[in-house]
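Remarks on the structure that follows.
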Amino acid sequence: MKTYDFLVLGGGSAGFNAARVAAGLGLKTAVVDGARDLGGLCILRGCMPSKTLLYTAEVLHRAQQGGKFGLKIPSARPNMRAIHARKVKLIGEFAAYRKQALANAKFDLIRAYARFRDAHTLELTNGQVLRARHVLISTGSKVSVPPVPGLADATAWTSDEVLDLDFVPPSVLVLGGGIVACELAQFLRRIGTQVTLIQRSPHLLRDHSPEASAVVRQAFEDEGIECFTGTQIERITQTQQGTAVTFLQGGKRRTRRAAHLFNALGREPNTAGLNLGAAGVRTRPDGQIIINRWQQTSVPHIYAGGDCSGPHEIVHLAIQQGELAARHAAGLKSLKPLDGSLLLSVVFTDPQLATIGRLERELDAAGQPYRSASYPFNDHGKSILMEANYGYVKVLAEPKRGRILGAEIVGRDAGELIHAFSGPLAMRATVFDLLRAPWYHPTLAEIITYPLEELADQIRPPTKPA
Ligand SMILES: Cc1cc2nc3c(=O)[nH]c(=O)nc-3n(C[C@H](O)[C@H](O)[C@H](O)COP(=O)(O)OP(=O)(O)OC[C@H]3O[C@@H](n4cnc5c(N)ncnc54)[C@H](O)[C@@H]3O)c2cc1C
-10 MKTYDFLVLG
0 GGSAGFNAAR
10 VAAGLGLKTA
20 VVDGARDLGG
30 LCILRGCMPS
40 KTLLYTAEVL
50 HRAQQGGKFG
60 LKIPSARPNM
70 RAIHARKVKL
80 IGEFAAYRKQ
90 ALANAKFDLI
100 RAYARFRDAH
110 TLELTNGQVL
120 RARHVLISTG
130 SKVSVPPVPG
140 LADATAWTSD
150 EVLDLDFVPP
160 SVLVLGGGIV
170 ACELAQFLRR
180 IGTQVTLIQR
190 SPHLLRDHSP
200 EASAVVRQAF
210 EDEGIECFTG
220 TQIERITQTQ
230 QGTAVTFLQG
240 GKRRTRRAAH
250 LFNALGREPN
260 TAGLNLGAAG
270 VRTRPDGQII
280 INRWQQTSVP
290 HIYAGGDCSG
300 PHEIVHLAIQ
310 QGELAARHAA
320 GLKSLKPLDG
330 SLLLSVVFTD
340 PQLATIGRLE
350 RELDAAGQPY
360 RSASYPFNDH
370 GKSILMEANY
380 GYVKVLAEPK
390 RGRILGAEIV
400 GRDAGELIHA
410 FSGPLAMRAT
420 VFDLLRAPWY
430 HPTLAEIITY
440 PLEELADQIR
450 PPTKPA
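Following my numbering from start to finish, the sequence shown increments by one per residue and tops out at 455.
Shown next as structure tokens:
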């Protein structure tokens, strides 16, 4: 029976990067992945196709807004076949690159699905049985179908189908108000679909602040997306014309109909088929694998990373988790666990919503004192000339020395702007450090200096000359 030092189940973002690091550290490593198309969720059906389409929809939207800039653009309409073909081509290229990296790596690639026979033995669907000193479970996530009445029997699209559209659907009911729901609802609206978004939580993007969510919602409604939040779905019925969703909101019963239904209610860990019980690996009730700060599961030589263990479905974290697991398994000394105070998140709606570090909700819960200051995009020269008026930049800092604790940006290109804080936060910089840095005029990034200046004044008020 073949034995590996480090056996990786799943060759997506977490698994591929873990295997690369493990093999580089001299561990005899293999990746087992049974997918017909290799590449993982991010490349094939996640980040990359969604951002390709969202960017296209943004270009279209800007062209349609040409009048605001004094431009006559007689017609700006989507050619869905061309949009689809471009997406297929780009994703094909990204996936081919990853496949090549997987095939030409210093580790073995085995095209099969795996399940545990015991804590050191894996059975593969190709009949092979492998032994492993260490295992990394990085099997990702799958779309969940929560027990909403009628959902299981309805014909519902998932993000996979929306990302593969080659026509403009006339109307879509979007169930959910998380990141995928919001990003793709706006894509659909911008290509010309009538979109109704129905969400259970009281505000869109419930993991974010109500203030930030309200800006995104305003932009959505200005573009003609009908949003219902704080709802309870009573039933989903399939009709000849499409789907009807009946729900309660504020004591009122409403029904909305559309040609298509999009289930964007979230994803769940893809762990059910792994026979984790045989290995003694513990999970939460939803199948999420329980890990410690070194990515070890309840069985110390078995690690987990990426969407199957969470706690966030974010690619750069999946990569960091996989790499950490590999280094830990290799016995490297002086490792550091991932720093939760550096959590970075981006929602690619327009306006984008990006956060880093710790914000009010978390700081209040921890009883940690802070100062905060914010500045709106509609009062900043560069954003005004760009007609990018939605949103604000908010910065939070520790009240004595002014160390930056977190930032929230809602606005044009917030996903790029937030990186102005990544390095400084990692280096534990203060608002005074950031104010010593140069900020070019006129840029969008320059807006960040206004809340920084306000915080500097709050923390060390300017003294009058003697
Ligand atoms: C529409 C959409 C947009 C997104 N956009 C973003 C974004 O902009 N930014 C961001 O950071 N994140 C985004 N995400 C989330 C991101 O894609 C995921 O967090 C990330 O891809 C998860 O990587 P992973 O390695 O955990 O899993 P995956 O990449 O899903 O890899 C899991 C692999 O395991 C394999 N596998 C499954 N079971 C077995 C088994 N039993 N044996 C062997 N192999 C197995 C699968 O074939 C698969 O290749 C998005 C997700 C979606 C759905």
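Each residue gets a CB set at the ideal place from its N, CA and C atoms; glycine is no exception.
All values reported here derive from a predicted model rather than from experimental measurement.
Within the present structure, is the beta-carbon of residue i separated from the nearest heavy atom of ligand 1 by less than 6 Å?
| i | result |
| --- | --- |
| Tyr292 | no |
| Ser460 | Examination of residue 460 is not possible in this model, given that the chain is present from -10 through 455 alone. |
| Ser39 | yes |
| Asp296 | yes |
| Gly(-1) | yes |
| Thr128 | yes |
| Asp402 | no |
| Ala3 | yes |
| Val304 | yes |
| Arg103 | It is worth fixing the name first, because residue 103 is Ala in this sequence and not Arg. Checking every heavy atom of ligand 1 against the Cβ of Ala103, one is found closer than 6 Å. |
| Cys216 | no |
| Gly165 | no |
| Cys36 | yes |
| Ser148 | yes |
| Leu423 | no |
| Leu79 | no |
| Cys171 | no |
| Asp22 | yes |
| Ala377 | no |
| Ala141 | no |
| Ala307 | yes |
Can you tell me the Cβ-Cβ gap for residue i and residue j, rounded? I've got them flagged as a contact below 8 Å.
| i | j | result |
| --- | --- | --- |
| Leu237 | Glu223 | 6 Å |
| Thr260 | Arg271 | The Cβ separation is near 11 Å, so there is no contact. |
| Gln183 | Gly165 | In fact, because the Cβ distance is near 17 Å, the residues do not count as touching under 8 Å. |
| Gly(-1) | Thr185 | No, Gly(-1) and Thr185 are not in contact; Cβ-Cβ is about 36 Å, not under 8 Å. |
| Val132 | Asn252 | 7 Å |
| Leu342 | Val384 | Between Val384 and Leu342 the Cβ distance is about 15 Å, and since that is not below 8 Å, they are no contact. |
| Ala396 | Thr344 | 7 Å |
| Ile303 | Ser334 | 7 Å |
| Phe421 | Gly391 | 6 Å |
| Arg379 | Gly404 | Looking at the sequence itself, residue 379 is Tyr, so the reference to Arg does not match. Between Gly404 and Tyr379 the Cβ distance is about 14 Å, and since that is not below 8 Å, they are no contact. |
| Ala377 | Phe(-5) | Not confirmed; about 47 Å, so no contact. |
| Leu394 | Leu352 | 7 Å |
Can you check DSSP and say which residues form a bridge with residue i?
| i | result |
| --- | --- |
| Phe217 | Ile187 |
| Gly481 | Outside the displayed span of the chain (-10 to 455) sits residue 481, for which this structure offers no information. |
| Val225 | Note that residue 225 is Ile in the sequence shown here, rather than Val. Val234, per the DSSP bridge assignment. |
| Asp97 | Ala19 |
| Gly400 | Gln341 |
| Ala103 | Leu113 |
| Ile278 | Thr272 |
| Val335 | Ala343 |
| Arg243 | Phe236 |
| Tyr(-7) | Ala121 |
| Pro322 | In the sequence as displayed, the identity of residue 322 is Lys instead of Pro. None, per the DSSP bridge assignment. |
| Lys383 | Ser363 and Glu397 |
| Val163 | Leu186 and Phe251 |
| Leu265 | Beta-bridge pairing links Leu265 to no other residue. |
What residue range does the alpha helix (DSSP H) around residue i cover?
| i | result |
| --- | --- |
| His50 | Cys36 to Gln53 |
| Glu351 | Glu349 to Ala355 |
| Leu177 | Ile168 to Ile180 |
| Pro440 | Thr438 to Ile448 |
| Leu152 | From DSSP, Leu152 is part of no alpha helix (DSSP H); its letter is neither H nor E. |
| Arg66 | Neither: Arg66 is in no alpha helix (DSSP H) and is coded neither H nor E. |
| Val157 | Note, Val157: premise wrong, no alpha helix (DSSP H); not H, not E. |
| Ala377 | Counting along the chain, Ala377 falls outside any alpha helix (DSSP H), and DSSP gives it neither H nor E. |
| Ala141 | Ala141 -> no alpha helix (DSSP H), and no H or E assigned at all. |
| Gly295 | No alpha helix (DSSP H) contains Gly295, which DSSP labels as neither H nor E. |
| Asp422 | Val420 to Arg425 |
| Ser411 | Ser411 to Ala415 |
Need the endpoints of the beta strand (DSSP E) that residue i sits in, please.
| i | result |
| --- | --- |
| Val134 | Unbroken run through Val134: none, as it is neither H nor E. |
| His249 | His249 to Asn252 |
| Arg120 | Val118 to Ile126 |
| Thr110 | Thr110 to Leu113 |
| Gln207 | Note, Gln207: premise wrong, no beta strand (DSSP E); alpha helix (DSSP H) at Pro199 to Asp211. |
| Pro365 | Arg360 to Pro365 |
| Arg256 | Arg256 to Pro258 |
| Val288 | Unbroken run through Val288: none, as it is neither H nor E. |
| Ser372 | From DSSP, Ser372 is part of no beta strand (DSSP E) but of the alpha helix (DSSP H) over Gly370 to Leu374. |
Using a Cβ-Cβ distance under 7 Å, would residue i count as near chain B?
| i | result |
| --- | --- |
| Ser190 | Protein chains in the displayed structure number just one, and chain B is not present. |
Answer yes or no: the CB of residue i versus the heavy atoms of ligand 2, is any distance below 6 Å?
| i | result |
| --- | --- |
| Leu30 | Ligand 2 is not part of this structure, which contains only ligand 1. |
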